[in-house]
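Visitor: Following our numbering, the numbering of the sequence shown begins with 1 at its first residue and continues without gaps.
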Amino acid sequence: MVHFVGAGCGAPDLITVRGLRLLQQADVVIYAGSLVNPALLKETKPGCQLYNSASMTLEAVVEVICRAESQGLNTLRLHTGDPCLYGAIREQIDRLEQLGISYDLTPGVSSFCGAAAALGHQGGAEYTLPGVSQTVIITRMAGRTPVPERESIPQLAAHGATMVVFLSAGMIPELTRQLLEGGYAPQTPAAIVYKASWPEEKTLVGTLEQLPGLAQMNGISKTALILVGEFLSSGYDRSKLYDPMFSHGFREASQ
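1. Looking only at its own chain, which residues have a Cβ that is under 8 Å from the Cβ of CYS66, when we skip the five neighbours before and after it?
2. Excluding the five sequence neighbours on either side, which residues of its own chain have a C-beta within less than 7 Å of the C-beta of ARG18, listed in chain order?
3. Quick test of your reading: PRO83 and LEU40, contact by CB under 8 Å. State the CB separation rounded to the nearest angstrom.
4. In three-state DSSP terms, what is PHE250?
5. Between VAL228 and ALA191, what straight-line distance do the alpha-carbon atoms span, to the nearest angstrom?
6. For ARG21, which of MET217, LEU78, GLU69 has the nearest alpha-carbon?
7. Using C-beta distances below 8 Å, list every residue in its chain close to LYS195, excluding the 5 sequence neighbours before and after it, in chain order.
8. Label SER247 either buried or exposed according to how many other C-beta atoms from any shown protein chain fall within 10 Å of its C-beta, with 16 as the threshold for buried.
9. Rounded to whole angstroms, how far is the Cβ of ALA32 from the Cβ of GLY108, which I believe are closer than 8 Å?
10. Look up PHE4 in the DSSP assignment and give the residues it is bridged to.
11. Could you tell me how far apart the beta carbons of SER233 and PRO186 are, in whole angstroms, since I believe they sit closer than 8 Å?
12. Indicate the three-state DSSP secondary structure (helix, strand or coil) for VAL29 in the structure shown.
13. Excluding the 5 residues flanking LEU119 on each side, which residues of the same chain have their C-beta closer than 8 Å to its C-beta?
14. Quick one: give me the first and last residue of the beta strand (DSSP E) that GLN49 is part of.
15. Going by DSSP in three states, ALA190 sits in which element: helix, strand or coil?
16. Report buried or exposed for TYR242, applying the criterion of at least 16 other Cβ atoms within 10 angstroms of its Cβ.
17. Taking 8 Å as the cut-off, does the region 125-142 touch the region 162-176 (at least 3 CB pairs, one atom from each stretch)?
18. In the DSSP assignment, find the unbroken alpha helix (DSSP H) run with ALA224 in it and report its ends.
19. From this set, VAL64, ALA117, LEU175, which residue's C-alpha is nearest ARG95's C-alpha?
20. Along the beta strand (DSSP E) that carries ILE15, what are the first and last residues, could you check?
21. Is the beta carbon of THR80 closer than 7 Å to that of LEU35?
22. For a test of the three-state rule: what should DSSP assign to MET163, helix, strand or coil?
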């Protein structure tokens, strides 16, 4: 059996209860390198075999899994954040299905959730504010790995929605240019969140046009999310859910 588990975005106590239980029971753990907090690996049982996938190919990962299966061992594939986002799990799952190996998935706290929490003291902890934005676009810039043309940064930016950009901290000047090209105003609120929930977490808040300078001044070129949108400003409409004049299935409106 192979368990795909989201380790959470950094802090070891952000793994789920189920994920921690599976980690403590695993015979073999293949973890996503330095992106997984080492404190989590201390939760493994004595004799557990640990493999750092940072230096492994897909074939090498599958080889370890097949060897564990032949020995009747349980394998845990420990991904960062939530494995459904940029986790490259589909290609692993396809191999497992071809080989007839059982698997399951346990979700984790994604870094885009951790980033929102990190910005709480800045007033930007909610991506979907009434009257401001009800859509969150999670994406990445094209780099060595391309993206479909219809999902280019300028095309997505044209929606003016909240945007969370992964895997692009090393390309912030070009990212900024493309966001502006797509229609965001230079003064659009924006932030860089470095290593959300880790001890070295850092949040940098400013405007879109300030992003390149903020990144350069703080030496940030990796392991950071870029957040863009008016959700970082102070204005929004009151939620209807808790409005005394709004009726729903559990409450009548006040007269």
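We treat Cβ as the ideally placed atom computed from N, Cα and C, and that holds for glycine.
Guide: This is what the structure holds:
1. LEU99, ILE101
2. Result list for ARG18: THR106, in chain order.
3. Rounded, the Cβ-Cβ distance is 14 Å, inconsistent with contact.
4. coil
5. 7 Å
6. Selected option, being the one with the closest Cα: LEU78.
7. GLY10, GLU201, LYS202, THR223, ALA224
8. exposed
9. ALA32 to GLY108, Cβ: 11 Å. No contact.
10. Paired residues: ARG77, LEU105.
11. With a Cβ gap of about 14 Å, SER233 and PRO186 do not count as contacting.
12. strand
13. ALA125, ALA191, VAL193, THR203, VAL205, LEU227, LEU232, listed in sequence order.
14. 49-52
15. strand
16. exposed
17. Segments in contact, yes.
18. Here ALA224 belongs to no alpha helix (DSSP H); instead the beta strand (DSSP E) covers 224-228.
19. If we check each option's Cα against that of ARG95, VAL64 comes out closest.
20. Per DSSP, ILE15 belongs to no beta strand (DSSP E) and is neither H nor E.
21. yes
22. strand
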